[in-house]
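Okay, so the sequence shown: first residue is 4 according to my numbering, each after it adds one.
Heads up, the beta-carbon is just placed ideally off N, CA and C, and yes, glycines get one too.
Scroll down for the structure; my scribbles are underneath it.
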Amino acid sequence: MDSPPRAPSAELATEPSANASASPPIQHGTVGDITTYNPHLGNRLGIDNAPAVTGAAIDGRQVHVTFADNAQRTYAAQWLRHCCCCTECGNPADAIRSMTVSRLPPDITAATAEACSGDLVLTWPGGHRSAYGSDWLIANAYDDNARQRRAAWRPVTWRSELAEHFPTVDWAAASGGGTGLLDAYCKLRDYGIVRIDGVGTDPERTEQIANLIGPIHETTPYGYIYDVRAEPVSKLGAKTGMAQSPHIDDPFHYSPPGIDIFHCLVNTDIGGLSTYVDGFAIAESLRAEEPEAFEALTTLPITHVRRHPGEINMRSRGPLIRLDEFGRLSGIRYFDRALAPLDVPPDDVDRLYDAIRAYSARMESPDFMATLRVEPGQGMLIDNHRVMHGRTAFDPASGRHIRLCHVPRDEFHGRLRELSLRLDPANHDLYLPQGS
Ligand SMILES: [Fe+2]
Ligand SMILES: [Zn+2]
Numbered sequence: 004m005d006s007p008p009r010a011p012s013a014e015l016a017t018e019p020s021a022n023a024s025a026s027p028p029i030q031h032g033t034v035g036d037i038t039t040y041n042p043h044l045g046n047r048l049g050i051d052n053a054p055a056v057t058g059a060a061i062d063g064r065q066v067h068v069t070f071a072d073n074a075q076r077t078y079a080a081q082w083l084r085h086c087c088c089c090t091e092c093g094n095p096a097d098a099i100r101s102m103t104v105s106r107l108p109p110d111i112t113a114a115t116a117e118a119c120s121g122d123l124v125l126t127w128p129g130g131h132r133s134a135y136g137s138d139w140l141i142a143n144a145y146d147d148n149a150r151q152r153r154a155a156w157r158p159v160t161w162r163s164e165l166a167e168h169f170p171t172v173d174w175a176a177a178s179g180g181g182t183g184l185l186d187a188y189c190k191l192r193d194y195g196i197v198r199i200d201g202v203g204t205d206p207e208r209t210e211q212i213a214n215l216i217g218p219i220h221e222t223t224p225y226g227y228i229y230d231v232r233a234e235p236v237s238k239l240g241a242k243t244g245m246a247q248s249p250h251i252d253d254p255f256h257y258s259p260p261g262i263d264i265f266h267c268l269v270n271t272d273i274g275g276l277s278t279y280v281d282g283f284a285i286a287e288s289l290r291a292e293e294p295e296a297f298e299a300l301t302t303l304p305i306t307h308v309r310r311h312p313g314e315i316n317m318r319s320r321g322p323l324i325r326l327d328e329f330g331r332l333s334g335i336r337y338f339d340r341a342l343a344p345l346d347v348p349p350d351d352v353d354r355l356y357d358a359i360r361a362y363s364a365r366m367e368s369p370d371f372m373a374t375l376r377v378e379p380g381q382g383m384l385i386d387n388h389r390v391m392h393g394r395t396a397f398d399p400a401s402g403r404h405i406r407l408c409h410v411p412r413d414e415f416h417g418r419l420r421e422l423s424l425r426l427d428p429a430n431h432d433l434y435l436p437q438g439s
């Protein structure tokens, strides 16, 4: 940290309770013994050119706010009081709020409301003063239009043709940060997969690819970084030359690996092709063509299992297709070879088998499968809660060598939001699929 540390609590105590000053610079500092990673920004996001607040009116327990582009938005008074992020209502050292719901009088309303230097400024009975930047008010509005805007993101679903126009970025651009990195992030978000060219074959680069999107998540079967190459004796199918049909990695975890990072060091000319299937494309196909199967796969649980007798017995239970509150696809969880005995009411067994069969038929269909050769020096980032991966068989003596590690999806989405806030603020707060 080369920015000067903030003064400890004495300074905080003397800060005015209103947070109406211009956007403060982002800096880390210390409060007592604590290093602050949440510099105090109050109720503002630092988005340039947001339409200013030009008027405000109290209407019972609601506050109507007018903006410079003539838009009008309404906020509940208790919602505004609860969301006050001034230094009295929260601790900037850790971003923990002290204004909690139980402290919030349910019938509270503002005493005064006015537009002040482009902000909304309210005073409350008792004299507390709150200020809200217009960018914060617009981004956090919760009327129907605002919620529909945040829910507007949709995946770009794909089938076999993706191999002809594969989403690809260049290592030099992505690792340079800024718009090059945002391009990589958006392709991974929208397609569930992105190829990175020009990474090189230095094994040290595997971790650097992962760190584009977050810290590596160590797992029991794979460790920190896993070397996928044929070995004479292997516990895992990955370490043979056998074909691997498309699958989600480790669905028996409550929270399966998020983003798979594959880094190709050596490939082979015979076999060893990579296969990818978009689980969201299958789900949308079922929703349109086989609604009974879609209904079964979104409501009945399946169980995935991995057991090492006498050592560990891992199980997770949930629907193969997870939906969110809007009915949008949230995640896929399916590894046919790790499926436990079905465990649903007797009348549901046959229809659940039929539904799984309908899903599997698409997963194995060439129509849904994008097949390509991953070249040495390329990296591949795959959303393991959406896109299934597999490979064709290869000669175990060929020396094919792929390195593999995982990064949690929330780490990736967390970085995506912060980079978007800087470079594409209108889309920084979209509701993204939270996984399977
Ligand atoms: Fe795998
Ligand atoms: Zn406050």
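List the endpoints of the continuous alpha helix (DSSP H) containing residue i.
{"i": "Leu355", "result": "Val352 to Glu367"}
{"i": "Phe415", "result": "Arg412 to Leu426"}
{"i": "Leu83", "result": "Ala80 to Cys86"}
{"i": "Ser277", "result": "Counting along the chain, Ser277 falls outside any alpha helix (DSSP H), though it belongs to the beta strand (DSSP E) covering Ser277 to Asp281."}
{"i": "Leu300", "result": "Pro294 to Thr302"}
Buried or exposed: where does residue i fall if 16 or more other Cβ atoms within 10 Å of its Cβ makes it buried?
{"i": "Gly438", "result": "buried"}
{"i": "Tyr188", "result": "buried"}
{"i": "Thr77", "result": "exposed"}
{"i": "Cys92", "result": "buried"}
{"i": "Phe415", "result": "buried"}
{"i": "Pro369", "result": "exposed"}
{"i": "Asp353", "result": "exposed"}
{"i": "Cys119", "result": "exposed"}
{"i": "Gln75", "result": "exposed"}
{"i": "Gly402", "result": "exposed"}
{"i": "Leu107", "result": "exposed"}
{"i": "Asp146", "result": "exposed"}
{"i": "Pro28", "result": "Residue confidence is low: Pro28 scores 44 on pLDDT, short of 50, so the model does not pin down where it sits. No coordinate-derived value is stated."}
{"i": "Ser137", "result": "buried"}
{"i": "Tyr279", "result": "buried"}
{"i": "Thr90", "result": "buried"}
With distances taken from CA atoms, which of the options is nearest residue i?
{"i": "Thr112", "options": "Asp138, Asp427 and Leu83", "result": "Leu83"}
{"i": "Arg318", "options": "His416, Leu326, Val308 and Pro170", "result": "Val308"}
{"i": "Leu239", "options": "Arg340, Arg320, Phe169 and Asp205", "result": "Arg340"}
{"i": "Gly330", "options": "Gly393, His404 and Tyr434", "result": "Tyr434"}
{"i": "Ala134", "options": "Asn143, Glu117 and Ala144", "result": "Glu117"}
{"i": "Ile219", "options": "Pro379, Leu268, Leu384 and Thr115", "result": "Leu384"}
{"i": "His388", "options": "Ile359, Leu276, Asn52 and Ile324", "result": "Ile324"}
{"i": "Leu332", "options": "Thr160, Gly380 and Pro349", "result": "Thr160"}
{"i": "Tyr362", "options": "Pro436, Arg106 and Ala286", "result": "Ala286"}
{"i": "Cys50", "options": "Gly58, Ser105, Leu326 and Gly121", "result": "For clarity, residue 50 is Ile in the given sequence; the question names Cys instead. Cα-wise, what sits closest to Ile50 is Gly121."}
{"i": "Arg232", "options": "Asp186, Leu123, Glu298 and Thr271", "result": "Thr271"}
Return the first residue and the last residue of the beta strand (DSSP E) that residue i is part of.
{"i": "Phe70", "result": "Gln65 to Phe70"}
{"i": "Arg318", "result": "Ile315 to Gly321"}
{"i": "Ser439", "result": "Per DSSP, Ser439 belongs to no beta strand (DSSP E) and is neither H nor E."}
Could you tell me if the beta carbon of residue i falls within a distance shorter than 7 Å of some heavy atom in ligand 4?
{"i": "Cys92", "result": "The model on display carries ligand 1 and ligand 2 but not ligand 4."}
task: Please go through the segment 139–186 and give each complete alpha helix (DSSP H) segment of 4 or more residues, from N-terminal end onward.
output: Counting whole runs of 4 or more residues, the segment 139–186 contains the alpha helix (DSSP H) stretches 147–153 and 174–178.
- request: Identify every run of the beta strand (DSSP E) within the segment 185–236, keeping only runs that are complete inside it and at least 3 residues long; order them along the chain.
  value: Listed in chain order, the complete beta strand (DSSP E) runs (minimum 3 residues) inside the segment 185–236 are 196–200 and 229–231.
task: Say whether the segment 239–256 touches the segment 294–304, bearing in mind that this needs 3 or more beta-carbon pairs closer than 8 Å, one atom from each stretch.
output: The segment 239–256, when compared against the segment 294–304, does not touch it at the 8 Å Cβ threshold.
field: Segments of 3+ residues assigned as beta strand (DSSP E) that fall wholly inside the segment 240–277
entry: The segment 240–277 contains these whole beta strand (DSSP E) runs: 247–250 and 262–269.
- request: For the segment 392–401 and the segment 245–264, state whether three or more C-beta atom pairs, one from each stretch, are separated by less than 8 Å.
  value: Taking 8 Å as the limit for Cβ pairs, the verdict is that the segment 245–264 does touch the segment 392–401.
- prompt: Can you find at least 3 beta carbon pairs, one from the segment 253–261 and one from the segment 123–133, that sit closer than 8 Å?
  reply: No, the segment 253–261 is not in contact with the segment 123–133.
query: Does the segment 149–164 come within contact of the segment 174–184, defined as at least 3 CB pairs closer than 8 Å?
result: With the cut-off at 8 Å, the segment 149–164 and the segment 174–184 do not touch.
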